[in-house]
Every structure is written in structure tokens, then in C-alpha cells.
Amino acid sequence: MPIAGKSLSALLWLPALLGAADAQWILEQSTLTYHISHPLHQVDGASHAAKGKGACHEGQCDFLVAVPVKSFNSGDSNRDLHMIQVTRGAEFPMVTVRFRVPESAAKQTTLNVDLDVEFAGQTAHYKQVPFQPAIRGNEAGISGAIPTKMTDFKITPPSLLAIPTKDEMPIRVEMTWRRM
Amino acid sequence: MLPVKSALLCLLLSVGLYGQAGSLSGVVAGPAGTPAANAKVSAKNRATGQSFDTQTGSDGKYNFADLPPGEYEITASAPDIGEKTSAATVAAGGGQTLDLTLTPPGAPSLRDLGFTPDQLKSNPQEQVRLDKRTHMLKTHQKLGLITTGPLIATLITSARAGGRNSTSSGRELHAILGGSTAALYFTTASFAIFAPKIPGTPTRGPIRIHKALAWVHGTGMVLTPILGAMAYEQRNRGEKVHGLASLHGGVAAVTGIAYGAALLSVTIKF
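As you go down the protein sequences, you meet chains A and B in turn. Going by my numbering, the first residue of the first sequence is number 21, and it counts up by one from there. Going by my numbering, the first residue of the second sequence is number 45, and it counts up by one from there.
As C-alpha cells, then:
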């Protein structure tokens, strides 16, 4: 499909996605990937275990996405256990992301979303995080990155061989939502 | 008399700590992150069911100054703004912080997503095990790096301990360094061996190589000093090193290589 056609389809579809009265959305599939940078390693840990739901009412859509901390796999079980420990994943087993998308956002091809991320027993707010929507029939794909830092959640950056990782821990988000 | 006084003092202090309350404070915010004034905050003790209530100030801050130690379910709510429930553990004499962001009415909750209760349940005991495990493995890492020093020095001094150029002082220096390496090595190993295991976590990734190599250098670290002691005795008797003792150098080399490879297996990504 030509780009103009795609854009038109997205613009026609998004108001239905975001503004439909009492519409419900279910997270069909997702990949959430955190990235950690260390002088000796670049680590990516991914999870496909997120669940999510969206509820629209009076022109506002409230979304909730949650993922178990233990479900992230970096390819090394020892590292994953260290991550669960530093992020207090046994005490606070879920990462949750909440966002509210107003009806007016439907006119944009890039969604700038305010996010509440609850992680390690702390809540951090991220303003105007850009996400790219992609429309495929009755499904909505959304991708983007949340610019999280470990210190936003009072997490001490883990260390390898006494060298700590960088504070930045962006989370790459790829989600497919299905309208119910 | 002094020991009796000290014992009494210890007893009084421990009784005082046992009965000591903890505090819990934080900020309640609305969905947009702005402070929620006059929100009701309640703390319910999960063991006793006892409930405590307070209210946020104009800045959204709340504070429970005297909570009995234990696990609590914390619920914050404000009319027309939303509600939020979370968990907190209050320790005796400790100050815990918990910020809460209210969820708008009608918005999905965690219960709506279909996770099992086990997935949502907080497990402070497992967190304690994880903390202890990490602490012990960090010590394992640090001691492992420190051990590299005398290990390399032992390998370097081997030239003066065996062969044609060997001297009595060279053998003694090599033996002292080898003994120090072995002592540090087994201390290092004990921190990994006795670190708490976390059930339900299958080993995967480079750590498998690290563990497999540990069997090689672990066996080598037991055999090398024994063979070394045999070789040392033979040389001191003026004999040429023979029999099993002649394997000392080879076993030591394999041990050193396996040790280095184990270190690299957790350092280099592949």
C-alpha cells in the first residue's frame, strides 16, 4: 500500500481506536526489551509475557500494561537473577505501565503519551513519550522506547567486576493491540 | 557485676527494639502525576488485619509515624480522581517510603489482566534470599579477581622452583605463593558454593560455561598443591621429580588456563 494510503487508513482508524464509546482493547502480543550498558557488556533482556487492557470512556482511553519482572530473559540466568535482586522483583513482582490517551491524540501520526511506570515499588512519570502507531486491520501496532533510568526507581545500578552499569535503562516497546 | 549490668543492658535494648514501631510515608499523585490533596490513605496489616488511616496534605504527602512492624496493604483513594492499592513491609525502627499514583475510575486494574495470584504476590522472603545470594556472589567476584594476583605470581615463580635453574629459595617462594593462592581460591569458591539457590531458575547462558570450568579448575586446585608438595619433597631430597609429582606443572597449567577462561566466560559476551 502506498504511504499516503497507509496514512489515510491510520487517520480513519485512529479515532475509532481512541474515541469509540466504551471500546475495549486487549494486548495481543508484545516484546518489551530493556537495554543496559556496561564497559564490558551491552545487555538486552526481553519479555513476551506482558498482558494489557485498554478501556475507553467519554473520549478518554485508559491503558494498563503489566509484565512480571521474572519474565525478562537476557540469555544468562545468573544475570537475570541479579536483575531480579537489584530491582526487588521478588518483593515487587510486576512492572506496570499506565497511560491515558485523549481523543485529540487520534489526529496525530505520532502518539505522544504521558506514562506512569511502576517498578521496584516506585512510580515514575514520563511526559510526552513518542510512540509510532501502525495500523493492520482491526489491530493496532505501537512501538517506541521509554527513557527509563534505574535511579528513577531508586535502583542501584548493578555492577560486574566492581564496575557499575550506566544509569540509563531504556525499554523498547513493541505491542500489538486488538479491539474487542 | 559488670557482666550482669551488660547483660541487663542488652536485654533492655533488645526488648526496646522488639516493641519498636516503624514509619511509612510517601506522596499520593493523580493519574497525571500532580499531588492528590486530601486523599484517604489506609494501611492494613496483613497478619493481624489491624487498619490505620491517614490523609494526604495539600502537597499529596502522607505519613504513618507509628506502625507495628509487618507486611501491609496500602490503599489510597480520592473521590473523582481514583484509587490505588500497593504493598509495603514496615521494619522495626525503620522508615519505609511508598509513593502511590491513583488509577482513574473505570481504568483497567491488575486483577483484570488475568495474571495468577502467585505472579502478583509479593515474596519478601525470596527477596531476602536474592539479596544474600547477590551479596555472596559479589564477594565471590571480588575475591576471584584478587586470587588472580597470587595465581599469576605462582605461575611466574614456577621457573625458579623446578627444572635446571631451581633453587631452594625459589621452591619456597613458589610454595608460599601456591599455598596463598589455594587458600584464597577455596575461600572464593565457598562464597559461590554456599550462596542460596533460587528454586525454579534453570541455568542458561554463559554461566553454564563458568560452572563447567569450575569443575576443571576446582579439581586442579585440589591436585596441584598435593602434587606440588610431593615434587617439593623429592627435590629437597636431591631427587629428580618423578612419578605422579611430575604431573604438577601440567595440572597447574590446565588449572590456570581453566581459571582464566572461567573469568573470561562471565566478562566477555559471546
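Glycine included, each C-beta is placed from N, C-alpha and C at the ideal position.
Practice item. Taking A:K73 as the query, report the chain B residues whose CB atoms sit under 8 Å from its CB, ordered along the chain. Key: As a first step, residue 73 of chain A is located in the first sequence; it is residue number 53 there, counting from the start. Result: P152, D156, L157.
Check your understanding: Any idea if B:K165 is buried or exposed, counting beta-carbon neighbours within 10 angstroms, 16 or more meaning buried?
Key -> Within the second sequence, numbered from 1, the residue matching residue 165 of chain B stands at position 121. Classification of B:K165: exposed, given that the 10 Å Cβ count is below 16.
Practice item. Within its chain, find whatever has a CB closer than 6 Å to the CB of B:R177; leave out the 5 residues flanking it on each side and keep chain order. Key: If you number the second sequence from 1, residue 177 of chain B lands on position 133. A239, P240.
Review point. Does the beta-carbon of B:N107 have 16 or more other beta-carbons within 10 angstroms, so that it is buried, or is it exposed?
Key: By one-based count along the second sequence, residue 107 of chain B stands at place 63. In this structure B:N107 is exposed. Its beta-carbon is surrounded by fewer than 16 other beta-carbon atoms within 10 angstroms.
Practice item. Identify every residue that forms a DSSP beta bridge with A:M114. Key: The residue you call residue 114 of chain A lines up with position 94 of the first sequence. For A:M114, which the question treats as bridged, DSSP gives the partners A:P88.
Check your understanding: CB-CB under 6 Å to B:L56, same chain, minus the five flanking residues each way: which ones, in chain order?
Key -> Taking the first residue of the second sequence as position 1, residue 56 of chain B is located at position 12. Confidence at B:L56 is low in this model, with a pLDDT of 43, below 50, so the placement of that residue is unreliable and no value is reported for it.
Check your understanding: Could you give the C-beta distance for A:R192 and A:A140, rounded to a whole number, given that I count them as a contact under 8 Å?
Key -> Position 172 of the first sequence, counting from 1, holds the residue named residue 192 of chain A. Position 120 of the first sequence, counting from 1, holds the residue named residue 140 of chain A. The Cβ separation is near 19 Å, so there is no contact.
Exercise for review: Answer yes or no: does any C-beta atom of chain A fall closer than 8 Å to that of B:R204?
Suggested key: For the purposes of this step, residue 204 of chain B is taken as the residue at position 160 of the second sequence. Chain A contact via Cβ: absent.
Check your understanding: Could one say the Cβ of B:I118 lies closer than 8 Å to chain A's Cβ atoms, at least one of them?
Key -> Translated into positions along the second sequence, residue 118 of chain B becomes position 74. By this cut-off, B:I118 is not an interface position.
Exercise for review: Could you spell out where the alpha helix (DSSP H) holding B:A273 opens and where it closes?
Suggested key: Here residue 273 of chain B corresponds to residue number 229 of the second sequence, with the count starting at 1. Per DSSP, B:A273 belongs to the alpha helix (DSSP H) from 251-280.
Review point. So A:H55 and A:M189 are in contact, right, with Cβ under 8 Å, and what is the actual spacing, rounded?
Key: Here residue 55 of chain A refers to the residue found at position 35 when the first sequence is read from its first residue. Here residue 189 of chain A refers to the residue found at position 169 when the first sequence is read from its first residue. Contact flag correct, Cβ pair sits at about 7 Å.
Exercise for review: Report yes or no: do three or more beta-carbon pairs, one from the stretch 199-208 of chain B and one from the stretch 128-137 of chain A, lie closer than 8 Å?
Suggested key: no
Exercise for review: Use the C-beta contact count for B:I118: other C-beta atoms within 10 angstroms, 16 or more gives buried, fewer gives exposed.
Suggested key: Reading the second sequence from its first residue, position 74 is the one you call residue 118 of chain B. In this structure B:I118 is buried. Its beta-carbon is surrounded by 16 or more other beta-carbon atoms within 10 angstroms.
Check your understanding: alpha helix (DSSP H) containing A:S97: first to last residue?
Key -> Taking the first sequence and counting its residues from 1, one reaches residue 97 of chain A at position 77. From DSSP, the alpha helix (DSSP H) with A:S97 extends over 97-106.
Check your understanding: Residues of chain B with a CB under 7 Å from the CB of A:Q142: which are they?
Key -> Here residue 142 of chain A refers to the residue found at position 122 when the first sequence is read from its first residue. Near A:Q142 (Cβ distances below 7 Å), the residues of chain B are D143.
Exercise for review: Taking B:E216 as the reference, give the member of B:E277, B:V266, B:A236 with the closest Cα.
Suggested key: One-based indexing of the second sequence puts residue 216 of chain B at position 172. Minimum Cα distance to B:E216 is reached at B:E277.
Check your understanding: Does any residue of chain B bring its CB to less than 8 Å from the CB of A:Y68?
Key -> Position 48 of the first sequence, counted from the start, is the residue given in the question as residue 68 of chain A. Residue identity differs from the one stated: residue 68 of chain A is His in this sequence, not Tyr. Not closer than 8 Å to any Cβ of chain B, the Cβ of A:H68 fails to qualify, so no.
Point to revise | Exposure label - A:L60; buried when at least 16 CB within 10 Å | key: Along the first sequence, read from residue 1 onward, the residue named residue 60 of chain A stands at position 40. With fewer than 16 other Cβ atoms within 10 Å, it is exposed.
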